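Q: The working numbering puts the first residue of the sequence shown at 2, with every later residue one more than the last.
For every residue, glycine included, the Cβ atom is placed at its ideal position computed from N, Cα and C.
Being a predicted model, the structure only gives us computed values, none of them experimental.
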Amino acid sequence: MDTSKLREELQAKGSDFLGKPFSLTDYCEDPDNHSRYKVTGVIEQYGGQANVEISFTKADLYWMIADEEVVLPCEYFGTIELGKDVCVTDPCYARDVWCMTFLHNVLAGEWDVFISKGAIDSFGERVYVLELRNRQCSQSFLDSLDWEKHSDLGVDSGRMSVFDDRYYRRKNGSEELFDKDPALQEAFDNACSSLVINEERAGIYCLGKKPVGIVCSSGIGDGSYPLEVKTSTGVIVAMQIRFL
2 MDTSKLREEL QAKGSDFLGK PFSLTDYCED PDNHSRYKVT GVIEQYGGQA
52 NVEISFTKAD LYWMIADEEV VLPCEYFGTI ELGKDVCVTD PCYARDVWCM
102 TFLHNVLAGE WDVFISKGAI DSFGERVYVL ELRNRQCSQS FLDSLDWEKH
152 SDLGVDSGRM SVFDDRYYRR KNGSEELFDK DPALQEAFDN ACSSLVINEE
202 RAGIYCLGKK PVGIVCSSGI GDGSYPLEVK TSTGVIVAMQ IRFL
């Protein structure tokens, strides 16, 4: 909801709640409770004007686009390098968690990352689709292929990632060395967290100067989301996760 519409909604809510005309002067998110708005305004009271402060929960102001189908633009975000083995997972997970996916038939090379982001309800702007396409394949060729459901992905930290499997929670290619290095584990977790704390809600994970993964926020957060792929002669050439 844009600022002008939110102001109108808060003013109308204030009038309904107070049972008399309420003229909004300002509003802000409650610093002590981020699920509420603090609203200030003026009413006529006792022959004069009185300043009033009202508190509304954000849930009281829920809105959503009612159309059955919403088409959001999918914009190029960057390019990463993937080998034939790829890990698709919430980056908080250890490598043995059941609700992550390992792909072993991926076309190795450069992969372009596309993200669909927008706002269709009161949860605000968020990532709705994460899509990766192998750069060797033309768009017309990819368009000729159908999406196929591959697996379901679990989310427990409000994030999703796609990594070249050689670099997901490994040290020098070793899971064991990574698990024995608490400092490296903390550095990996902090790096993945920092990549989604920005306006884009996503970021490319680099090992040195090599881009080996993409991390993004996962729609409205935790849950289970489908992984779909496009294949050619048994090799994955595109992948997509929808957070709708």
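1) Might you give, ordered along the chain, the residues of its own chain that have their beta carbon closer than 7 Å to the beta carbon of residue 143, omitting 5 neighbours on each side?
2) Figure out for me which residue from 228, 195, 235 and 208 has the closest Cα to the Cα of residue 218.
3) What does the alpha-carbon distance come out to for the pair residue 95 and residue 36?
4) Identify, in the order they occur along the chain, each residue of the same chain with its Cβ nearer than 8 Å to the Cβ of residue 153, setting aside the five sequence neighbours on each side.
5) Would you say residue 15 and residue 55 are within 8 Å of each other, going by their C-beta atoms?
6) Could you check which residue in 122, 106, 52 and 127 has the C-alpha nearest to that of residue 166?
7) In the DSSP assignment, find the beta strand (DSSP E) that holds residue 52 and state where it starts and stops.
8) State the Cα-Cα distance for the pair residue 41 and residue 19, rounded to the nearest angstrom.
9) Would you report the Cα separation of residue 113 and residue 207, rounded to the nearest angstrom?
10) Apply the 10 Å Cβ neighbour rule to residue 91 and answer buried if 16 or more other Cβ atoms are within range, or exposed otherwise.
11) Given a threshold of 16 other Cβ atoms within 10 Å of its Cβ, counted over all protein chains shown, does residue 242 qualify as buried or as exposed?
12) Comparing alpha-carbon positions, which option in 176, 32, 82 and 115 lies nearest residue 210?
13) Comparing C-alpha positions only, which one of 24, 157 and 234 sits nearest to residue 146?
14) Nearest by alpha-carbon distance to residue 68: which of 30, 122, 31 and 93 is it?
15) Is the distance from the Cβ of residue 213 to the Cβ of residue 204 below 8 Å?
16) Of the choices 9, 150, 70 and 179, whose alpha-carbon is the least far from that of residue 22?
17) Less than 8 Å between C-beta atoms, sequence neighbours within five positions excluded: which residues of the same chain meet that for residue 221?
18) According to DSSP, is residue 138 helix, strand or coil?
19) Excluding sequence positions up to five away, which residues of its chain have a Cβ less than 7 Å from the Cβ of residue 108?
20) Go to residue 5, then tell me how far its alpha helix (DSSP H) extends in each direction, as first and last residue.
A: Taking the geometry as given:
1) 134, 231, 238 and 239
2) 195
3) 32 Å
4) Cβ within range, chain order: 100, 225, 226, 227 and 228.
5) yes
6) 106
7) 49-58
8) 13 Å
9) So the two alpha carbons sit approximately 15 Å from each other.
10) buried
11) Buried, by the Cβ-count rule.
12) It is 82.
13) Nearest Cα to residue 146 within the set 24, 157 and 234: 234.
14) 122
15) no
16) For residue 22, the closest alpha carbon among the candidates 9, 150, 70 and 179 is that of 9.
17) Correct list, in chain order: 124, 127 and 244.
18) If DSSP states are grouped into helix, strand and coil, residue 138 belongs with coil.
19) 135, 137, 236, 237 and 238
20) 4-19
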